[in-house]
Amino acid sequence: KAGVTQTPRYLIKTRGQQVTLSCSPISGHRSVSWYQQTPGQGLQFLFEYFSETQRNKGNFPGRFSGRQFSNSRSEMNVSTLELGDSALYLCASSSAQGIVTQYFGPGTRLTVL
Amino acid sequence: GDSVTQMEGPVTLSEEAFLTINCTYTATGYPSLFWYVQYPGEGLQLLLKATKADDKGSNKGFEATYRKETTSFHLEKGSVQVSDSAVYFCALSDLNTGTASKLTFGTGTRLQVTL
Numbered sequence: 034k035a036g037v038t039q040t041p042r043y044l045i046k047t048r049g050q051q052v053t054l055s056c057s058p059i060s061g062h063r064s065v066s067w068y069q070q071t072p073g074q075g076l077q078f079l080f081e082y083f084s085e086t087q088r089n090k091g092n093f094p095g096r097f098s099g100r101q102f103s104n105s106r107s108e109m110n111v112s113t114l115e116l117g118d119s120a121l122y123l124c125a126s127s128s129a130q131g132i133v134t135q136y137f138g139p140g141t142r143l144t145v146l
Numbered sequence: 004g005d006s007v008t009q010m011e012g013p014v015t016l017s018e019e020a021f022l023t024i025n026c027t028y029t030a031t032g033y034p035s036l037f038w039y040v041q042y043p044g045e046g047l048q049l050l051l052k053a054t055k056a057d058d059k060g061s062n063k064g065f066e067a068t069y070r071k072e073t074t075s076f077h078l079e080k081g082s083v084q085v086s087d088s089a090v091y092f093c094a095l096s097d098l099n100t101g102t103a104s105k106l107t108f109g110t111g112t113r114l115q116v117t118l
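In order, the protein sequences belong to chains B and R. Position in the first sequence (first residue = 1) + 33 = the working numbering. Position in the second sequence (first residue = 1) + 3 = the working numbering.
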C-alpha cells in the first residue's frame with residue numbers, strides 16, 4: 034500500500050496570506066489527523082477528521098481549519114499567516130475509530146516571511 | 004491532562020553501544036504507548052507500540068516494555084548503528100478518554116551514533 038502523501042512538500046508564504054495543505058491517507062484509512070511541529074513547541078495536535086467530521090480539536094486559534102472529503106483526503110487551511118506559523122505540518126492516518134496506530138506522511142514545510 | 008516526559012538529548016554513543024532512552028507518562032486512562040523515529044528532513048515513522056501493561060513492543064532491534072507500575076516505556080537497543088542516528092519520540096494515546104486519535108508526544112531525544 035502507498036503511504037500517506039502530503040502536498041506540497043515545501044511552501045513559502047508572506048504574513049497575512051492564507052495557505053492550504055493537502056493530505057491523502059493510506060488507502061482504506063478513514064481518520065486523518067494533523068500536527069504542527071516546531072522547535073519551540075514540539076509536536077502539537079491540531080485536529081482530527083473521521084468520515085468527513087471533525088472529531089477532535091487541539092488548542093489552536095480559529096485561523097487553523099480543516100476539512101475532509103468523501104474519499105478521506107483532507108485539507109488544512111491557515112488564514113492570515115503569522116511568522117509563528119512557520120513549521121512542519123504533519124498529517125497522519127489511521128484505519129478506524131478506536132484503532133490507535135497512526136501513520137505519518139513526510140510533512141509540509143511552511144515558511145512564513 | 005496527559006503528558007509524556009523524555010530524557011534530554013542529544014545522546015551520543017559509539018557504534019555497537021547499548022542504548023536506553025527514558026520515557027515516562029501521565030495519563031488519566033489506560034493509554035497505548037508508542038515510539039516514533041524521525042530522520043532528518045522526514046516525517047515520523049512508527050518504530051514500535053504497546054497497548055496494555057506488560058506488553059513489549061519490538062522492531063528492528065529496538066524494544067520497549069509498557070510498565071504501568073512505574074508509568075514508563077523506555078526504549079532500548081542492544082547494539083546501535085550509525086544508521087540509527089535520528090530523533091526519537093515517545094507518545095501516548097488514550098482510548099478511555101475518547102481521544103484515541105490524539106497523540107501526545109514527548110519533546111524528542113536526538114541520538115547521534117559515531118564510528
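Even glycine gets a Cβ: it sits at the ideal position worked out from N, Cα and C. All figures in this text were calculated on a predicted structure; none of them were measured in a lab.
For secondary structure counted as the alpha helix (DSSP H) over 4 or more consecutive residues, the stretch 53–79 of chain R holds no complete run. Its Cα nearest to that of residue 24/R, the residue 81/R stands out among 81/R, 42/R, 56/R. For residue 27/R against residue 75/R, the beta-carbon gap comes to about 5 Å, under 8 Å, which counts as contact. 67/B is the residue among 90/B, 67/B, 143/B whose C-alpha sits nearest the C-alpha of residue 126/B.
Collapsing the DSSP output to three states places residue 117/B in a helix. Taking 7 Å as the cut-off, the beta carbon of residue 110/B is found closer than this to the beta carbon of residue 53/B. The DSSP-derived three-state label of residue 97/R is strand.
Not a single C-beta of chain B is nearer than 7 Å to the C-beta of residue 86/R.
Only those residues of the stretch 93–116 of chain B whose C-beta falls short of 9 Å from the nearest C-beta of chain R would be listed, and there are none. Around the CB of residue 63/R, fewer than 16 other CB atoms lie within 10 Å, so the residue is classed as exposed.
Counted as a single uninterrupted DSSP element, the beta strand (DSSP E) harbouring residue 142/B occupies residues 141–145. Taking the C-beta atoms as reference points, residue 114/B is found nearer than 7 Å to residue 145/B. CA-to-CA, the gap between residue 4/R and residue 106/B works out to about 30 Å. Interface flag for residue 80/B against chain R is unset, since no Cβ pair is found closer than 7 Å.
Checking the DSSP bridge columns, you'll see residue 89/B partnered with 81/B. Looking from the CA of residue 30/R, the closest CA among 96/R, 90/R, 113/R belongs to 96/R. Per DSSP, residue 97/B is one residue of the beta strand (DSSP E) stretching across 97–101.
When the alpha-carbon of residue 139/B is set against those of 48/B, 117/B, 46/B, 59/B, the nearest one is in 59/B. Listed by position along chain R, the residues whose Cβ is nearer than 7 Å to that of residue 134/B are 49, 52.
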